[in-house]
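Engineer: Sharing a structure with you now.
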Amino acid sequence: MPSSRAIGRIGDLSSITPWLPGRILDFGPGDGWPSLEVASFVEEVVGVDASERRVAECARNARRIGVQNASFIHVPAGNPLPFEKQTFDGSVAASSIENSPDPEAVLSEIFRVLRPGGCLRVSYESLRRYRGGQEREAYLNFDHLPHAAMVIHERHIEEEWAR
Ligand SMILES: C[S@@+](CC[C@H](N)C(=O)[O-])C[C@H]1O[C@@H](n2cnc3c(N)ncnc32)[C@H](O)[C@@H]1O
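Residue numbering for the sequence shown follows this note's numbering, starting at -11 and increasing by one per position.
Below is the structure:
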């Protein structure tokens, strides 16, 4: 039986199907998920991460496994995305938006750079177990959807590094 994490990750991949073979933005790829897997199915993937070390790691992993259509850019948390509006056909964000200091601003930026009809596929992890459960919650208001809850945790993204 696959774990719920594995199922979520398969969902990340299958969610790109309507966008083939477009340009995909990966917000917060970490060490390359899902950019490096998604790259096989699309024209181009651009990953933006607030950690320079993570960006370097993504690029290193791409070289290591021979992925040539994925690039990675360092964008400090809180900065606007360095793209024109309507640049991307779709976007993925795996366990990243809830880690950013201002998730609503991030969503707004992703919306700006998506083409009309482009979709964002978000997955997020429960941070309840981290740091003594000191998370806070934000509620995102969509005009046409019920409230969505997103758990947010205060983190220092620039200082983080995957061991
Ligand atoms: C928990 S990791 C997830 C990495 C990967 N997507 C995965 O699922 O394995 C969160 C990533 O989001 C990045 N991140 C958090 N806030 C960000 C922001 N405001 N802008 C860009 N990247 C951000 C972090 O640097 C980190 O690489």
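All C-beta atoms, glycine included, are put in the ideal place defined by N, C-alpha and C.
What three-state label does DSSP hand E31 in the structure shown?
Structural biologist: Along the sequence shown, read from residue 1 onward, the residue named residue 31 stands at position 43. Three-state DSSP puts E31 in coil, outside helix and strand.
Engineer: If you scan the region 35 to 87 from start to end, which runs of the beta strand (DSSP E) of 3 or more residues do you find wholly inside it?
Structural biologist: For the region 35 to 87, whole beta strand (DSSP E) runs of length 3 or above, ordered along the chain, are 58 to 62, 76 to 82.
Engineer: Looking at P70 and ligand 1, is the gap between the Cβ and the nearest heavy atom below 8 angstroms?
Structural biologist: Here residue 70 refers to the residue found at position 82 of the sequence shown. Answer for P70: no, Cβ out of range of ligand 1.
Engineer: Please return the same chain residues whose Cβ sits closer than 8 angstroms to the Cβ of D19, not counting the five positions on each side in sequence.
Structural biologist: Within the sequence shown, residue 19 is the residue found at index 31, counting from 1. Taken in chain order, the residues that qualify are R42, E45, C46, N49, A150.
Engineer: So what does DSSP say about P17, is it helix, strand or coil?
Structural biologist: Walking along the sequence shown from the start, residue 17 turns up at place 29. Correct three-state label for P17: coil.
Engineer: Would you mind reading off the limits of the alpha helix (DSSP H) that contains L24?
Structural biologist: On the sequence shown, residue 24 is found 36 positions in, with the first residue counted as 1. It spans 23 to 26 - the alpha helix (DSSP H) in which L24 sits, taken as one unbroken run.
Engineer: Ligand 1 heavy atoms versus the CB of A82: any closer than 8 angstroms?
Structural biologist: Within the sequence shown, the letter at position 94 stands for residue 82. Under cutoff, so the answer is yes.
Engineer: Between which residues of its own chain and F71 is the CB-CB distance below 7 angstroms, once the five residues before and five after are set aside?
Structural biologist: By 1-based counting over the sequence shown, the position of residue 71 is 83. V101.
Engineer: What residue range is occupied by the uninterrupted beta strand (DSSP E) comprising L8?
Structural biologist: Residue 8 sits at position 20 when you count from the first residue of the sequence shown. First-last for L8: undefined, no H or E at that position.
Engineer: Does the Cβ of E92 have 16 or more other Cβ atoms within 10 Å, making it buried, or fewer, making it exposed?
Structural biologist: For the purposes of this step, residue 92 is taken as residue 104 along the sequence shown, with counting starting at 1. With fewer than 16 other Cβ atoms within 10 Å, it is exposed.
Engineer: Is W21 near ligand 1, with its Cβ less than 8 angstroms from a heavy atom?
Structural biologist: As a first step, residue 21 must be located in the sequence shown, where it is residue number 33. Yes, the Cβ of W21 comes within 8 angstroms of a heavy atom of ligand 1.
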